[in-house]
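Below is one structure; the comments refer to it alone.
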Amino acid sequence: MQELVKIGFLGIAGVLLAVQFKVQKPEYGIYVGICTGILIFWYAVKQVEAVVGQLDRIRGYLDGAESYLAILLKVIGITYVCEFSAGICKDAGYQSVAGQIEILGKLSVMFAGLPVLFAVIEQIRNFM
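27 is the number of the first residue of the sequence shown in the working numbering; add one for each residue after it.
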């Protein structure tokens with residue numbers, strides 16, 4: 027909880043600093059915003075490492091269905107990378123590029139999840 031408060035204050039401080047720079051030198055405001063976002067993203071990656079450790083524990087319960095866990099991790103990674111990239115593009119004023127990144131992310135999640143859909147359909151066919 028304490029780490030989350032620190033990251034929240036870092037985000038607020040970064041935004042306030044970026045706004046301050048944006049008045050005189052707009053490009054510096056963008057750089058400060060991007061650096062703040064990267065710092066927060068770096069912290070999030072450290073948290074994901076802790077979650078991956080717990081997912082290894084879950085893997086022991088899956089009995090040969092580890093591929094589903096791999097798909098889940100891939101989908102989570104896709105969503106985080108696309109959200110982060112789109113956010114940077116929006117902050118820089120390129121909403122159309124951000125929209126395209128979001129569409130690519132949604133399509134990538136859909137394609138990554140297709141093996142799970144096919145496995146569910148196969149299970150349904152086996153019951154009939």
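Glycine included, each C-beta is placed from N, C-alpha and C at the ideal position.
Distance, Cα to Cα, ILE105 vs LEU65?
-> Residue mapping note: residue 105 aligns to position 79 of the sequence shown, counting from 1. Residue mapping note: residue 65 aligns to position 39 of the sequence shown, counting from 1. A small correction: the amino acid at residue 105 is Thr; Ile does not occupy that position in the sequence shown. Each residue's alpha carbon lies about 18 Å from the other.
Which same chain residues, not among the five before or five after ILE114, have their C-beta less than 7 Å away from its C-beta?
-> By 1-based counting over the sequence shown, the position of residue 114 is 88. Excluding sequence neighbours, ILE114 sits near ILE60 and GLY63.
Just mark ALA39 as buried or exposed, buried being the case when its beta carbon has 16 or more other beta carbons within 10 Å.
-> The residue given as residue 39 occupies position 13 in the sequence shown. Label assigned to ALA39: exposed.
CA nearest to the CA of PHE137, picked from LYS51, ARG85, VAL78 and ILE97 = Your numbering for residue 137 matches position 111 in the sequence shown. Answer by Cα proximity: ILE97.
Can you tell me whether DSSP reads TYR120 as helix, strand or coil?
-> Here residue 120 refers to the residue found at position 94 of the sequence shown. Of the three classes helix, strand and coil, the one that applies to TYR120 here is coil, per DSSP.
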